[in-house]
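For reference, the structure discussed in these notes is given below.
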Amino acid sequence: MQNKLSFHQSSVSLEIIGLPDYSNDENKDQISIISQWKLTIIDKPLIEGKVEHLGPIMNAFYIYSNLLIKNEIPLFESKLIDIKADNLHIHNIVLKSSKPNVKPLILKIGNSLLSDTINCFDQLNESPKVRIKKPDVPNNFPKKLRYGLIKKDNFLNFFIPPFIAICSLILFSSSFIIFYSPLENIEKKELINPE
Amino acid sequence: MRKSYVSNNIKLNEFDALIRITVEMSKYLYPYIREIMKSKEDLEENSVIWNDFNKRFIELIKERFNMNSIRVKKLLNQAENDEIIIKSLLILSFCISNQGYQKLKNFLYDF
Chain A
0 MQNKLSFHQS
10 SVSLEIIGLP
20 DYSNDENKDQ
30 ISIISQWKLT
40 IIDKPLIEGK
50 VEHLGPIMNA
60 FYIYSNLLIK
70 NEIPLFESKL
80 IDIKADNLHI
90 HNIVLKSSKP
100 NVKPLILKIG
110 NSLLSDTINC
120 FDQLNESPKV
130 RIKKPDVPNN
140 FPKKLRYGLI
150 KKDNFLNFFI
160 PPFIAICSLI
170 LFSSSFIIFY
180 SPLENIEKKE
190 LINPE
Chain B
0 MRKSYVSNNI
10 KLNEFDALIR
20 ITVEMSKYLY
30 PYIREIMKSK
40 EDLEENSVIW
50 NDFNKRFIEL
60 IKERFNMNSI
70 RVKKLLNQAE
80 NDEIIIKSLL
90 ILSFCISNQG
100 YQKLKNFLYD
110 F
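For the record, the sequence lines run as chains A and B. Residue numbers for the first sequence follow numbering that gives the first Met the number 0, so the first one is 0 and each next one is one higher. Residue numbers for the second sequence follow numbering that gives the first Met the number 0, so the first one is 0 and each next one is one higher.
Okay, structure coming up:
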């Protein structure tokens, strides 16, 4: 008997079917071995697949949502899924089947369905009942690195202007050496007036 | 950007508190945020919701923000503010999970 867990958010629901890992002394209602998953979006065809497809699809949605927010080109392409923005409000999803001779499934979803889907994936990630390899969400930088970058910016802003000022002062003043040489002038005067 | 003669820098703990409040509010307001975004997807059907929201948004900006600032003027420009509003709503709608606080913080640092 397999366990079923569902995560709902408005018009989207995600169903995870699988078994607990009894070798790890897990509870009966836990899911560690996922055999199937289904993503249901109202008014859209059902999306289902095996465990190896779930991670890449979740990753694709997370990466795409980050690109969308960070003012970068909202386009994600992989072997399994392509997501690109039609405009600011509509997103075009192409799901490619791993089976031969199966046409890709094309879906158009709006921002509301995109956020519902992301929230379903968040619920799955946060659920203590499902053990799943966490997707590598690119905005989860280590804190130190992020603060480091900010500090580096401030450091440069603080030191670069005086550094440039000193360099330009040296360059500017060194050019005067070419125009005027007091020693040469004294020698010339001595030659004109040998007294 | 705000209408104020005193420019105080926000402290880190105040910034954290504001993020927590925003996340909790967006959890509560998610159905409304969703409807506003949905109304823009199909303008012919639900344009009333988007128009009402946009009107109120502009009213609040005029009431509380410094109108001389260029960034505020950009927010009030209807041709340009669609993208800013949609992105802000998207950020809020992505941060309603239990880890929403961390997510919103990351989004704000990268924005």
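Note that beta-carbon positions come from the ideal geometry of N, C-alpha and C, so glycine has one too. A quick note: this is a predicted structure, and the numbers were derived from the prediction, not measured.
Next item on the list: State the DSSP-derived secondary structure class of I95 of chain B, mapped to helix, strand or coil.
Entry: Residue 95 of chain B sits at position 96 when you count from the first residue of the second sequence. In this structure, I95 of chain B counts as coil in the three-state DSSP scheme.
Note to self: Using 8 Å as the threshold, is the C-beta distance between L106 of chain A and K43 of chain A below it?
What the structure shows: As a first step, residue 106 of chain A must be located in the first sequence, where it is residue number 107. As a first step, residue 43 of chain A must be located in the first sequence, where it is residue number 44. Between L106 of chain A and K43 of chain A, the C-beta spacing is below 8 Å.
Margin query: For H90 of chain A, report the span of its beta strand (DSSP E) as first-last.
Written below: Here residue 90 of chain A is taken as the residue at index 91 of the first sequence, counted from 1. 89-94 is the span of the beta strand (DSSP E), which, as asked, contains H90 of chain A.
Item checked: Local conformation of Q230 of chain A per DSSP, three classes -> Within the shown structure, residues of chain A are numbered from 0 to 194, placing residue 230 of chain A beyond reach of any answer.
Check: If the cut is a Cβ gap below 8 Å, which residues of chain A does I85 of chain B touch?
Finding: Here the question's residue 85 of chain B lines up with position 86 in the second sequence. What I85 of chain B touches in chain A: L87, H88, N110.
Margin query: Need the endpoints of the alpha helix (DSSP H) that I35 of chain B sits in, please.
Written below: Locating residue 35 of chain B in the second sequence gives position 36, counting from the first residue. First-last of the alpha helix (DSSP H) with I35 of chain B: 11-40.
Note to self: Judging by CA-CA distance, which residue of B:Y100, B:L88, B:I9 is the nearest neighbour of M36 of chain B?
What the structure shows: Numbered from 1 along the second sequence, position 37 holds the residue referred to as residue 36 of chain B. The candidate whose alpha carbon is nearest that of M36 of chain B is B:L88.
Next item on the list: Specify the secondary structure class of L107 of chain B as computed by DSSP and reduced to three states.
Entry: Here residue 107 of chain B corresponds to residue number 108 of the second sequence, with the count starting at 1. L107 of chain B falls in the helix class under three-state DSSP.
Checklist line | Short Cβ contact (8 Å threshold) for L66 of chain A with H90 of chain A | finding: Reading the first sequence from its first residue, position 67 is the one you call residue 66 of chain A. Reading the first sequence from its first residue, position 91 is the one you call residue 90 of chain A. When the beta-carbon positions are compared, L66 of chain A and H90 of chain A stay at least 8 Å from each other.
Note to self: Output needed for D81 of chain A: all residues of its chain with C-beta closer than 6 Å, excluding positions within five of it in sequence on either side, in chain order.
What the structure shows: Residue mapping note: residue 81 of chain A aligns to position 82 of the first sequence, counting from 1. Closer than 6 Å at the Cβ level, and outside the excluded window around D81 of chain A, lie V93.
Note to self: On the DSSP bridge list, what partners appear for H7 of chain A?
What the structure shows: If you number the first sequence from 1, residue 7 of chain A lands on position 8. DSSP lists A:S12 as partners of H7 of chain A.
Next item on the list: State whether the region 50-64 of chain A contacts the region 97-104 of chain B, with contact taken as three or more CB pairs (one from each stretch) at a distance under 8 Å.
Entry: no
Next item on the list: Starting from the beta carbon of S92 of chain B, find every residue of chain A whose beta carbon is closer than 9 Å, and list them in chain order.
Entry: Counting from one through the second sequence, the residue named residue 92 of chain B turns up at place 93. By Cβ distance, chain A contributes N110, S111, L113, S114, D115, I117, N118.
Next item on the list: Using a threshold of 8 Å, state whether the C-beta atoms of I33 of chain A and P19 of chain A are closer than that.
Entry: Looking up residue 33 of chain A in the first sequence gives position 34. Looking up residue 19 of chain A in the first sequence gives position 20. Contact flag unset, no.
Margin query: Just verifying my parser: in three-state terms, what is the DSSP assignment at I72 of chain A?
Written below: Taking the first sequence and counting its residues from 1, the one referred to as residue 72 of chain A is at position 73. Coil at I72 of chain A, not helix or strand.
Notebook entry, point to check: Counting along the chain, where does the beta strand (DSSP E) carrying K81 of chain A start and finish?
Noted result: Position 82 of the first sequence holds residue 81 of chain A. Looking at the sequence provided, one finds Asp at residue 81 of chain A rather than Lys. Per DSSP, D81 of chain A belongs to the beta strand (DSSP E) from 80-84.
Notebook entry, point to check: What residues match up with K107 of chain A in a beta bridge as DSSP calls it?
Noted result: Against the first sequence, residue 107 of chain A aligns to sequence position 108. K107 of chain A pairs with A:N91.
Next item on the list: For I95 of chain B, return the contacting residues in chain D, with the cut-off set at a CB-CB distance below 7 Å.
Entry: No chain D appears in this structure, whose protein chains are A and B.
Notebook entry, point to check: Which residues of chain A have a Cβ atom closer than 7 Å to the Cβ of L89 of chain B, listed in chain order?
Noted result: Residue 89 of chain B sits at position 90 when you count from the first residue of the second sequence. Here the neighbours are L67, I68, N110, S114.
Checklist line | Residue nearest to N70 of chain A in terms of C-alpha spacing, selected from B:F93, B:D109, B:D51, B:C94 | finding: Start at 1 with the first residue of the first sequence, and residue 70 of chain A comes out as number 71. The candidate whose alpha carbon is nearest that of N70 of chain A is B:D109.
Next item on the list: Could you say which of A:D115, A:S172, A:N86 lies nearest to K39 of chain B if we only look at CA atoms?
Entry: To locate residue 39 of chain B, count along the second sequence from 1; it is residue 40. Closest by alpha carbon: A:N86.
Check: Relative to chain A, which residues along the region 18-33 of chain B have a C-beta separation below 9 Å, given in chain order?
Finding: Y29, P30, I32, R33
Notebook entry, point to check: chain B beta carbons: is any one of them nearer than 8 Å to that of P141 of chain A?
Noted result: As a working mapping, residue 141 of chain A is identified with position 142 in the first sequence. Note that P141 of chain A scores a pLDDT of 42, beneath 50, so its modelled location is shaky; the value from the coordinates is reported in the next line. False, the Cβ-Cβ gap to chain B never drops below 8 Å.
Check: When burial is assigned at 16 or more other CB atoms within 10 Å of the CB, is V47 of chain B buried or exposed?
Finding: Sequence index remark: in the second sequence, residue 47 of chain B carries index 48 (1-based). Exposed is the call here.
Notebook entry, point to check: Within the 8 Å Cβ cut-off, does D42 of chain A reach chain B?
Noted result: For this step, residue 42 of chain A is matched to residue 43 along the first sequence. False, the Cβ-Cβ gap to chain B never drops below 8 Å.
Notebook entry, point to check: Is I117 of chain A closer than 8 Å to F157 of chain A when the C-beta atoms are compared?
Noted result: As a first step, residue 157 of chain A must be located in the first sequence, where it is residue number 158. As a first step, residue 117 of chain A must be located in the first sequence, where it is residue number 118. Not closer than 8 Å, so no.
Next item on the list: Identify the continuous alpha helix (DSSP H) that holds K72 of chain B and give its terminal residues.
Entry: To locate residue 72 of chain B, count along the second sequence from 1; it is residue 73. First-last of the alpha helix (DSSP H) with K72 of chain B: 69-75.
Notebook entry, point to check: From the beta carbon of S5 of chain A, is the nearest beta carbon of chain B less than 8 Å away?
Noted result: Here residue 5 of chain A is taken as the residue at index 6 of the first sequence, counted from 1. False, the Cβ-Cβ gap to chain B never drops below 8 Å.
Margin query: Please state whether the Cβ-Cβ distance between V11 of chain A and C166 of chain A is less than 8 Å.
Written below: To locate residue 11 of chain A, count along the first sequence from 1; it is residue 12. To locate residue 166 of chain A, count along the first sequence from 1; it is residue 167. The answer is no: Cβ separation not under 8 Å.
Next item on the list: At 8 Å on the CB atoms, spell out the chain A contacts of M36 of chain B, in chain order.
Entry: Along the second sequence, read from residue 1 onward, the residue named residue 36 of chain B stands at position 37. Neighbours of M36 of chain B on chain A, chain order: H88, G109, N110, S111, S114.
Notebook entry, point to check: So with Cβ pairs under 8 Å, would you call D121 of chain A a contact of chain B?
Noted result: Start at 1 with the first residue of the first sequence, and residue 121 of chain A comes out as number 122. With 8 Å as the cut-off, D121 of chain A counts as an interface residue toward chain B.
Note to self: Does chain A have any CB closer than 8 Å to the CB of Q98 of chain B?
What the structure shows: Sequence index remark: in the second sequence, residue 98 of chain B carries index 99 (1-based). With 8 Å as the cut-off, Q98 of chain B counts as an interface residue toward chain A.
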